[in-house]
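S.K.: First residue of the sequence shown? That's -17 in this note's numbering, and the numbers climb one at a time after it.
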Amino acid sequence: MKKLLGLTLEELGAVAAELGLRPFAAKQMASWLYVKRVSDIDAMTDLPKKARARLAELGYTVGRQAPLAEARSTDGTVKYLFEGVGSRDVEAVYIPDKERATLCVSSQAGCRMGCRFCMTGRGGWQGNLDAGAIINQVLSIPESETLTNIVFMGMGEPTDNLDAVLAAIEILTSPWGMAWSPRRITVSTIGKLDGLRTLLDKTQVHIALSIHSPFALERERLMPVEKAFPIREIMPVLRRYDFAHQRRLSMEYTMFAGLNDDERHADALVRVLKGTDARVNLIRFHRIPGFEGRPAERGAMERFRDRLNDAGITATIRASRGEDIMAACGMLAGHAETQKKDQK
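#1: What's the C-alpha gap between C86 and E52?
#2: With burial defined as no fewer than 16 other Cβ atoms inside 10 Å of the residue's Cβ, what is the status of A6: buried or exposed?
#3: Give the straight-line distance between the Cα atoms of Y97 and G105, rounded to the nearest whole angstrom.
#4: Please confirm if the segment 136 to 155 is in contact with the segment 172 to 181, defined as three or more CB-CB distances below 8 Å between the two stretches.
#5: Tell me the residue span of the beta strand (DSSP E) that contains R222.
#6: Mind checking whether N118 and Q47 have CB atoms under 8 Å apart?
#7: Tell me the DSSP bridge mates of A53?
#8: Among W158, R229, D57 and D79, which one has its Cα closest to the Cα of E(-8)?
#9: Could you please give me the residues that DSSP links to Y235 through a beta bridge?
#10: Nearest-angstrom Cα distance between D324 and M237?
#11: In angstroms with no decimal places, state the Cα-to-Cα distance between Q321 and A250.
#12: Between which two residues does the beta strand (DSSP E) containing R82 stretch?
#13: DSSP beta-bridge partners for W107?
#14: From G103 to A260, what distance separates their C-alpha atoms?
#15: So L204 and F99 are supposed to be a Cβ contact under 8 Å. How far apart are they, rounded?
#16: Assign Q228 to one of two classes, buried (16 or more other C-beta atoms within 10 Å of its C-beta) or exposed (fewer than that).
#17: Check whether the Cβ atoms of M233 and I193 sit closer than 8 Å, and answer yes or no.
#18: Among Y16, R36 and V17, which has the Cα closest to the Cα of A(-2)?
#19: Do A226 and P277 have their C-beta atoms closer together than 8 Å?
#20: My understanding is that A190 touches M135, with C-beta atoms under 8 Å, so please give their C-beta distance in whole angstroms.
#21: What do you reckon, are the CB atoms on I216 and R201 nearer than 8 Å?
#22: Let me make sure I understand the geometry here. Which of V20, K31 and K18 has the alpha-carbon closest to that of L3?
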């Protein structure tokens, strides 16, 4: 079957031409998919009945899929499991916080980056999601209509699946699509340089860089990709772009007790961020099987935050969410994968 969900206006134009319809039919289909959010071709009632029948004959379907499972936290966070690629399903996490309602979406089934402390990375890579599978996460949760923000911080490295991520962003932000402001979207990345440059040139979304240590050797031990994409090469690229007005640059810094949570690391991070308008999100590590690191103490995180703030860098401690529902990224999907294997 061929999915309509995830097709851009240009791609829907090619479908319209295949059906012998005029170009404006592409906008009609886009409206049904992304504004009216239908799940069945027959609901596209302003397309000729023959055209709808022809779509079915050609193997087209809308391509919407409901979550396979969900886990609800006492704090309101909800983890949804969606069909992925190969043997690996993927996660989307809904995070309500006062007037904000954020959805964390996945772009890959698994991840190739191999970060030592990440459950997704430890599980390996199964394949890329297409744009339809990314958009499906947004449209197919019960809270879809109330979302205020989307973050590409779920499973996978977005710049390692850039074509699909760019198509999804185009659908989210285009007037013919969901018409969101790009300021409602954040893409998290390890800093894969070619993909990062393309993302910065082609979109106005916010960027969140995973850094986790200001020292190259220490970062490499946590994130092997430091060897291929060193922080010393990433920061000059980021300094060439304006993050003071339309979009924001943030640093994701997961804190481990006795590893990256002292004054020496805070001062080095200040030096790394010199000349940028970056803010820092300090993240409490969620324990995962097979990694010996321990979460930093709250007091250490507060001292680290205050030292950054005193140096003129906005730093905040991200509230831990969903710790009672396998909160670490990849744990729900990994649990589901284990169950599948046990059932064979």
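Idealized CB from N, CA, C, for every residue including glycine.
M.R.: The relevant details are as follows:
#1: Stepping through the sequence shown from its first residue, residue 86 is reached at position 104. Stepping through the sequence shown from its first residue, residue 52 is reached at position 70. Approximately 14 Å between the Cα atoms of the pair.
#2: For the purposes of this step, residue 6 is taken as the residue at position 24 of the sequence shown. For clarity, residue 6 is Phe in the given sequence; the question names Ala instead. Label assigned to F6: exposed.
#3: For the purposes of this step, residue 97 is taken as the residue at position 115 of the sequence shown. For the purposes of this step, residue 105 is taken as the residue at position 123 of the sequence shown. According to the sequence as given, residue 97 is Cys; it is not Tyr. So the alpha carbons of these two residues sit roughly 10 Å apart.
#4: Yes, they touch.
#5: For the purposes of this step, residue 222 is identified with residue 240 of the sequence shown, where counting begins at 1. First-last for R222: undefined, no H or E at that position.
#6: Looking up residue 118 in the sequence shown gives position 136. Looking up residue 47 in the sequence shown gives position 65. A contact, by the Cβ cut-off of 8 Å.
#7: Taking the sequence shown and counting its residues from 1, the one referred to as residue 53 is at position 71. Paired residue(s): K61.
#8: Residue numbering aside, residue -8 sits at position 10 when the sequence shown is read from its first letter. Closest option to E(-8), Cα to Cα, is W158.
#9: In the sequence shown, residue 235 corresponds to position 253, counting from 1. Its beta-bridge partners are L264.
#10: If you number the sequence shown from 1, residue 324 lands on position 342. If you number the sequence shown from 1, residue 237 lands on position 255. Per-residue confidence for D324 stands at a pLDDT of 46, beneath the threshold of 50, marking its modelled position as unreliable; the derived number appears in the next sentence. So the alpha carbons of these two residues sit roughly 34 Å apart.
#11: Here residue 321 refers to the residue found at position 339 when the sequence shown is read from its first residue. Here residue 250 refers to the residue found at position 268 when the sequence shown is read from its first residue. Any reading at Q321 needs caution, since the residue's pLDDT is 48, under 50, leaving its predicted position unreliable; the model's value is listed next. Taking the straight line from one Cα to the other gives about 44 Å.
#12: Numbered from 1 along the sequence shown, position 100 holds the residue referred to as residue 82. If you look at R82, you'll find it in the beta strand (DSSP E) that goes R82 to C86.
#13: For the purposes of this step, residue 107 is taken as residue 125 along the sequence shown, with counting starting at 1. W107 is bridged to G92.
#14: The sequence position of residue 103 within the sequence shown is 121, counting from 1. The sequence position of residue 260 within the sequence shown is 278, counting from 1. Roughly 26 Å between the two C-alpha positions.
#15: One-based indexing of the sequence shown puts residue 204 at position 222. One-based indexing of the sequence shown puts residue 99 at position 117. Right, their Cβ atoms sit about 6 Å apart.
#16: Indexing the sequence shown from 1 puts residue 228 at position 246. By the neighbour-count rule (16 or more Cβ atoms within 10 Å), Q228 is not buried but exposed.
#17: Taking the sequence shown and counting its residues from 1, the one referred to as residue 233 is at position 251. Taking the sequence shown and counting its residues from 1, the one referred to as residue 193 is at position 211. Against a cut-off of 8 Å, the Cβ pair of I193 and M233 comes out as a contact.
#18: By 1-based counting over the sequence shown, the position of residue -2 is 16. Taking only the C-alpha atoms, the option nearest A(-2) is R36.
#19: What you label residue 226 is simply residue 244 of the sequence shown in a count that begins at 1. What you label residue 277 is simply residue 295 of the sequence shown in a count that begins at 1. Contact: no.
#20: In the sequence shown, the residue the question calls residue 190 occupies position 208. In the sequence shown, the residue the question calls residue 135 occupies position 153. Going by Cβ atoms, the distance from A190 to M135 rounds to 7 Å, so yes, they are a contact pair.
#21: Locating residue 216 in the sequence shown gives position 234, counting from the first residue. Locating residue 201 in the sequence shown gives position 219, counting from the first residue. For I216 and R201, no; Cβs fall outside 8 Å.
#22: To locate residue 3, count along the sequence shown from 1; it is residue 21. When each option's Cα is compared against that of L3, the closest is K31.
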